[in-house]
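Residue numbers (my numbering), protein chains in the order written: chain A, 1 to 312; chain B, 313 to 582. Where is the CB? At the ideal position from N, CA and C, for every residue including glycine. Only a predicted model underlies this, so the values are computations on that prediction, with no experimental measurement involved.
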């Protein structure tokens, strides 16, 4: 493999990982901070892609971004309302919203399961035109990805320091404490899920516009991929400060993409991506648990087969 | 009680009733027509056997559930139907479990910022406020002021309960409710936290209710002692009568009031 080819692959991996990193950052807020596993992520990702595409096709490329984020917020509001005010289990709430969003997404895309943006003016095509004759001409995707990821990290770092941000963290950290405190968990959960879902939708919107098309399945499996990235990021940053952990989430997204790209190079078919992400999530979550269990398992085995443990 | 001496009432419970699982075979009357008037600055110790309704009384005051009948008036405001998190703005509460009052994954400083509850939602704590926290923490004499950035999860049970006490009293609550808050600590630490409690309550002239199973501290601390049994307040003593009481008398009162043998080992051992 030649060097330019490797660089090219690296850049593609970086671009794609930056768009996905926005969903990873969304889960960083909902999963790591609020301790809610938001299973509506897949549908919300597609929702952002669909709304962004439709608004861009209608002729408002800039408006597509806030529109997608707004739609994501609305979806987050529904998920949060189901679990905080209507007694639906939080996992179930996510699944229900996810299922419902499938229909909503196709409805938004005008009854079609595929939208094409080849001739549409998008944020990407506009930046591409603007940078046409400069040295950065080929980097427009990377620039948009970097701007979006940086903006979200800066927002999260500042927001999670505010009293509302601290209250959201406390809601995930010690629900018992929050229940008997002046923090209203209904409010913090709702705000947290609205914000995280707006990031997920932004993620979908940018990915769709960068690849100039939306498929109704664009978001399927996204929650597992993002979770895998988040957990990989956790390996790098551990329990450091919030901004560093957010950066870790982005690194995790990149590492995940890299592993995936390398796997494809070894002729692993593209459809294996989801199995790989599932395995990574399983390893990342159960690894530390099994490691803790290892001494006990050894002792049990020793006892069973009459080795060292029983001779005493 | 004595309303003519100008003392202000801080908390008033009028005919408060609460039945759990009403209409089922499990129905249990937890609070039965409880009426209680607490004056401003009063420190009341509450005793009674397990299941007498002490914690239920606190839950009713805090709004963990809404009472079936009666009303609760806090500092002149009827809070009977006010949601728990809104009452919590003016009520500080400590539980027996030291892990319950603070967020383990957040730093000491972040917990205090949250507890202080000053400023808008989008505000952050300034240098001055953080310095004030350090100064307050130094009063605990546990070296916590030098560990502001450390996660609370690293503290010991006693340190965590002391921190929770600080958090609960940071914003000068109208009412401080202590639910056996030293019962899970070792004797030395329990004593220290108890001393700290009386100091903070006295210095800030807080109105305080304290549930305890320790008869001696029930008599030693505060200015009034009430005894609960089966959802009733069965005994209420203050002033000279209380000053002359011994633990033995208290146990005797308990038998008299509830009309049965004392079966609680923890109370006998105290």
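Counted within 10 angstroms of its Cβ, other Cβ atoms place residue i as buried (16 or more) or exposed
i, result
"residue 140 of chain A", "buried"
"residue 183 of chain A", "buried"
"residue 7 of chain A", "exposed"
"residue 566 of chain B", "buried"
"residue 423 of chain B", "buried"
"residue 316 of chain B", "For residue 316 of chain B, the predicted model reports a pLDDT of 43, less than 50, meaning its position is unreliable; a value from the coordinates is still stated below. Exposed, by the Cβ-count rule."
"residue 398 of chain B", "exposed"
"residue 42 of chain A", "buried"
"residue 288 of chain A", "exposed"
"residue 116 of chain A", "exposed"
"residue 297 of chain A", "exposed"
"residue 89 of chain A", "exposed"
"residue 458 of chain B", "exposed"
"residue 556 of chain B", "exposed"
"residue 154 of chain A", "exposed"
"residue 279 of chain A", "exposed"
"residue 138 of chain A", "exposed"
"residue 118 of chain A", "exposed"
"residue 58 of chain A", "exposed"
"residue 584 of chain B", "Chain B is shown from 313 up to 582; residue 584 of chain B falls before or after that span and cannot be answered."
"residue 523 of chain B", "buried"
"residue 558 of chain B", "exposed"
"residue 388 of chain B", "exposed"
Close Cβ partners of residue i (< 6 Å) along its chain, the five nearest in sequence each way excluded
i, result
"residue 301 of chain B", "The shown model of chain B, from 313 to 582, leaves out residue 301 of chain B, and the question about it has no answer."
"residue 67 of chain A", "51 and 55"
"residue 194 of chain A", "73, 76 and 77"
"residue 319 of chain A", "Absent from the model: residue 319 of chain A. The displayed extent of chain A is 1 to 312, so no value can be given."
"residue 44 of chain A", "72, 75, 197, 200 and 201"
"residue 385 of chain B", "324"
"residue 501 of chain B", "470"
"residue 577 of chain B", "Model confidence at residue 577 of chain B stands at a pLDDT of 47, short of 50, so the residue's coordinates are unreliable and nothing is read from them."
Beta-carbon proximity list for residue i, same chain, < 8 Å, skipping 5 on both sides
i, result
"residue 432 of chain B", "none"
"residue 85 of chain A", "186"
"residue 290 of chain A", "none"
"residue 564 of chain B", "none"
"residue 272 of chain A", "263"
Under 7 Å by beta carbon: chain A residues contacting residue i
i, result
"residue 436 of chain B", "161 and 162"
"residue 416 of chain B", "173 and 174"
"residue 431 of chain B", "163"
"residue 374 of chain B", "180"
Contact set between residue i and chain B, taken where Cβ atoms lie within less than 7 Å
i, result
"residue 197 of chain A", "What residue 197 of chain A touches in chain B: nothing, since even the nearest Cβ is about 19 Å away."
"residue 183 of chain A", "397"
"residue 177 of chain A", "412, 413, 414 and 415"
Interface partners of residue i on chain A, CB under 8 Å
i, result
"residue 422 of chain B", "166 and 169"
"residue 425 of chain B", "163 and 166"
CB-CB length for residue i against residue j, believed under 8 Å
i, j, result
"residue 530 of chain B", "residue 359 of chain B", "5 Å"
"residue 491 of chain B", "residue 367 of chain B", "6 Å"
"residue 252 of chain A", "residue 233 of chain A", "3 Å"
"residue 229 of chain A", "residue 201 of chain A", "Not a contact, Cβ separation roughly 18 Å."
"residue 374 of chain B", "residue 396 of chain B", "6 Å"
"residue 214 of chain A", "residue 49 of chain A", "5 Å"
"residue 512 of chain B", "residue 477 of chain B", "7 Å"
"residue 192 of chain A", "residue 33 of chain A", "7 Å"
"residue 519 of chain B", "residue 505 of chain B", "About 19 Å separates the two Cβ atoms, so there is no contact after all."
"residue 216 of chain A", "residue 109 of chain A", "7 Å"
"residue 173 of chain A", "residue 416 of chain B", "6 Å"
"residue 219 of chain A", "residue 277 of chain A", "About 13 Å separates the two Cβ atoms, so there is no contact after all."
"residue 370 of chain B", "residue 489 of chain B", "5 Å"
"residue 36 of chain A", "residue 162 of chain A", "With 8 Å as the limit, residue 36 of chain A and residue 162 of chain A do not qualify as a contact, their Cβ atoms being about 19 Å apart."
"residue 543 of chain B", "residue 326 of chain B", "Going by Cβ atoms, the distance from residue 543 of chain B to residue 326 of chain B rounds to 15 Å, so no, they are not a contact pair."
Close-in-space but distant-in-sequence residues of the same chain around residue i (CB under 7 Å, 5 per side omitted)
i, result
"residue 124 of chain A", "140, 141, 144, 209 and 210"
"residue 261 of chain A", "9 and 13"
Partner residues on chain B for residue i, Cβ-Cβ distance less than 8 Å
i, result
"residue 121 of chain A", "Here the premise fails: no neighbours, minimum Cβ distance about 35 Å."
Residue i Cβ short of 6 Å to the ligand NAD heavy atom set
i, result
"residue 199 of chain A", "Summarising the ligand content, the structure contains no ligands, and the ligand NAD is consequently not present."
Contact list for residue i against chain A, beta-carbon separation under 9 Å
i, result
"residue 405 of chain B", "180 and 181"
Quick one: which residues of the region 142-164 of chain A get their C-beta closer than 7 Å to a C-beta of chain B? List them in chain order.
If the cut-off is 7 Å between Cβ atoms, the region 142-164 of chain A has 161, 162, 163 and 164 near chain B.
Which of the residues in the region 378-402 of chain B, read from start to end, lie with their CB under 9 Å from any CB of chain A?
Taking 9 Å as the cut-off between beta carbons, the residues of the region 378-402 of chain B near chain A are 395, 396, 397, 398, 399, 400, 401 and 402, in sequence order.
Residues in the region 19-40 of chain A having any Cβ partner in chain B nearer than 7 Å:
So the list is empty, because no residue satisfies the distance condition.
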